[in-house]
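Numbering-wise (this note's numbering), the sequence shown opens with residue 467 and increments by one. Just so you know, even glycine gets a beta-carbon here, dropped at the ideal spot from N, CA and C. These notes are about the structure you will find just below.
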Amino acid sequence: MDTGLQGRVALVTGANHGIGAAVAKGLAAEGAKLFLTYLRVRPQDTGWGEDVARGLSESAEALYAAMRAKSADHVVKSIRDAGGSAEAWETDLADPANIPLLFDRAESAFGAVDVLVNNAAHCEYPSRVLEANAASMDRHFAVNTRAVALMIQEYGRRHIERAARWGRIINVSTDAADAFGGSVWYGASKYAMESISRVAAKELGPYGVTVNVVSPGPVQTGGYGAEAVERESAACPMGRIGQPQDIADAVVLVASEQARWITGQLVYVGGGSRM
Ligand SMILES: NC(=O)c1ccc[n+]([C@@H]2O[C@H](COP(=O)([O-])OP(=O)(O)OC[C@H]3O[C@@H](n4cnc5c(N)ncnc54)[C@H](OP(=O)(O)O)[C@@H]3O)[C@@H](O)[C@H]2O)c1
467 MDTGLQGRVA LVTGANHGIG AAVAKGLAAE GAKLFLTYLR VRPQDTGWGE DVARGLSESA
527 EALYAAMRAK SADHVVKSIR DAGGSAEAWE TDLADPANIP LLFDRAESAF GAVDVLVNNA
587 AHCEYPSRVL EANAASMDRH FAVNTRAVAL MIQEYGRRHI ERAARWGRII NVSTDAADAF
647 GGSVWYGASK YAMESISRVA AKELGPYGVT VNVVSPGPVQ TGGYGAEAVE RESAACPMGR
707 IGQPQDIADA VVLVASEQAR WITGQLVYVG GGSRM
């Protein structure tokens with residue numbers, strides 16, 4: 467299937483591992499040029515409290531922390547080794563000043579951005595309403611809601627300025643955004659992002675840009691220990707936990723030419739774990 471992504475410029479956030487890395491490789495395999503961004507997190511800053519909630523074994527937590535401490539160089543290399551084009555820049559999306567700079571860098575590397583995938587996310591475990599802490603709320607909304615809105619605004623401003631007529635914005639949520647027990651600010655900040663995505667679809671539709679939400683169920687990106695994998699697999703109609711490739715393929719689908727008439731929608735990609 468010719469997805470129509472050959473030669474397009476794609477910007478993917480949170481692309482140094484997990485779902486973001488798989489999305490970047492998936493779009494590159496369709497011929498898009500990839501500008502990646504990420505923010506390494508030091509193991510001691512993972513924001514993980516007692517990790518009972520996710521049944522994280524020592525090894526899983528160590529693996530996940532190690533992945534988050536990596537740059538995106540390995541993803542850039544793998545795309546280039548496969549004959550693709552990729553560049554990366556590390557920046558904190560919680561700081562609004564970094565967003566126009568990010569688009570400047572993407573444009574000077576490959577030209578105007580056609581496909582934007584807002585995949586980066588901040589998540590602290592546990593966080594509960596009864597222990598509400600303003601700083602933790604701010605950290606979640608800064609990345610999962612405000613940064614996504616400002617990325618869409620910057621994309622839209624540049625798209626309209628150059629009178630472009632084709633564009634794709636895909637925002638990655640989570641399938642429990644409406645009530646995420648154990649990490650309330652993570653869920654609530656994603657739910658707010660879903661609302662912003664629908665309004666953005668309305669505002670950007672006249673300019674040929676579709677805006678959609680891809681909402682994964684549990685995906686093994688290093689954070690699930692054996693116990694959790696068993697639990698999630700048993701709860702999933704398809705009988706397994708999701709893999710980053712499962713989400714990447716759905717993002718490619720929604721970014722494709724074939725998805726030109728899909729906008730303002732939320733797609734659950736969880737093997738039926740949420741219907
Ligand atoms: N894995 C799952 O089970 C699952 C399920 C549902 C939804 N999701 C969503 O899928 C997306 C990818 O999740 P994942 O598990 O692959 O990765 P993840 O560990 O949730 O990390 C997301 C990415 O965001 C980056 N990031 C965090 N704070 C940032 C900031 N202030 N500025 C710039 N980048 C920042 C992270 O960099 P570092 O990792 O280097 O900090 C990482 O690359 C996220 O939106 C997540 O909410 C995941």
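*Mind listing, in chain order, the continuous beta strand (DSSP E) runs of no fewer than 3 residues lying wholly within the segment 534–604?*
552–556 and 581–584
*Is glycine 492 near ligand 1, in the sense that its beta carbon is under 7 Å from a heavy atom of that ligand?*
Against the sequence shown, residue 492 aligns to sequence position 26. No.
*asked:* Need the endpoints of the alpha helix (DSSP H) that proline 710 sits in, please.
replied: Here the question's residue 710 lines up with position 244 in the sequence shown. 710–721 is the extent of the alpha helix (DSSP H) around proline 710.
_Cut-off 6 Å between Cβ atoms - residues of its own chain near glutamate 698, not counting five sequence neighbours on either side_ = Position 232 of the sequence shown holds residue 698. Here the set comprises Pro684 and Ile707.
*For the segment 649–702, which segments carrying the beta strand (DSSP E) assignment without a break, of at least 3 residues, lie completely within its bounds, in sequence order?*
675–682
*asked:* Report the CB separation of lysine 499 from phenylalanine 576 in whole angstroms; it is logged as a contact under 8 Å.
replied: Counting from one through the sequence shown, the residue named residue 499 turns up at place 33. Counting from one through the sequence shown, the residue named residue 576 turns up at place 110. Lysine 499 to phenylalanine 576, Cβ: 4 Å. Contact.
*If you draw a straight line from the alpha carbon of arginine 571 to that of threonine 557, how long is it in whole angstroms?*
For this step, residue 571 is matched to residue 105 along the sequence shown. For this step, residue 557 is matched to residue 91 along the sequence shown. For arginine 571 and threonine 557, the distance between alpha carbons rounds to 11 Å.
*asked:* Just verifying my parser: in three-state terms, what is the DSSP assignment at glycine 622?
replied: Walking along the sequence shown from the start, residue 622 turns up at place 156. The answer is helix: DSSP assigns glycine 622 an H, G or I state.
*Buried/exposed call for glycine 515, threshold 16 Cβ in 10 Å*: What you label residue 515 is simply residue 49 of the sequence shown in a count that begins at 1. Here the model assigns glycine 515 a pLDDT of 49, short of 50, so the residue's position is not dependable, and the following value carries that caveat. The residue is exposed, with fewer than 16 neighbouring Cβ atoms inside 10 Å.
*Given 8 Å as the limit, is there contact between the segment 687–696 and the segment 653–664, that is, 3 or more CB pairs closer than that?*
no
*asked:* Below 7 Å, is the gap between the Cβ of valine 609 and the nearest heavy atom of ligand 1?
replied: As a position in the sequence shown, residue 609 is number 143, starting the count at 1. At least one heavy atom of ligand 1 is nearer than 7 Å to the Cβ of valine 609, so yes.
*Could you spell out where the beta strand (DSSP E) holding leucine 505 opens and where it closes?*
For the purposes of this step, residue 505 is taken as the residue at position 39 of the sequence shown. Leucine 505 -> no beta strand (DSSP E), and no H or E assigned at all.
*Cα-Cα separation, alanine 490 to isoleucine 635*: Along the sequence shown, one-based indexing puts residue 490 at 24. Along the sequence shown, one-based indexing puts residue 635 at 169. Approximately 14 Å, taken between the alpha carbons.
*Is asparagine 599 buried or exposed, if buried means 16 or more other CB atoms sit within 10 Å of its CB?*
Here residue 599 refers to the residue found at position 133 when the sequence shown is read from its first residue. Label assigned to asparagine 599: exposed.
*asked:* Tell me the residue span of the beta strand (DSSP E) that contains leucine 477.
replied: Locating residue 477 in the sequence shown gives position 11, where the first residue counts as 1. Segment 475–479, the beta strand (DSSP E) holding leucine 477.
*What does a CB cutoff of less than 8 Å around glycine 736 pick up in its chain, not counting 5 residues either side in sequence?*
As a first step, residue 736 must be located in the sequence shown, where it is residue number 270. Closer than 8 Å at the Cβ level, and outside the excluded window around glycine 736, lie Asp641, Ser681, Pro682, Gly683, Pro684, Cys702 and Gly708.
*Assigned secondary structure, asparagine 746 (DSSP; H/G/I helix, E/B strand, else coil)*: Lying outside 467 to 741, the shown extent of the chain, residue 746 is not represented and no answer is given.
_Rounded separation between isoleucine 728 and glutamate 627 - CA only_ = The sequence position of residue 728 within the sequence shown is 262, counting from 1. The sequence position of residue 627 within the sequence shown is 161, counting from 1. Going by the C-alpha atoms only, they are around 24 Å apart.
_For the pair the segment 536–543 and the segment 593–613, tell me if three or more CB-CB distances fall below 8 Å._
no
*Would you identify the three-state DSSP class for leucine 471, choosing helix, strand or coil?*
Within the sequence shown, the letter at position 5 stands for residue 471. Leucine 471: coil per DSSP, three-state reduction.
*Using 10 angstroms around the beta-carbon of alanine 481, count the other beta-carbons present and answer buried if the total reaches 16, otherwise exposed.*
Counted from its first residue, the sequence shown places residue 481 at position 15. Result: buried.
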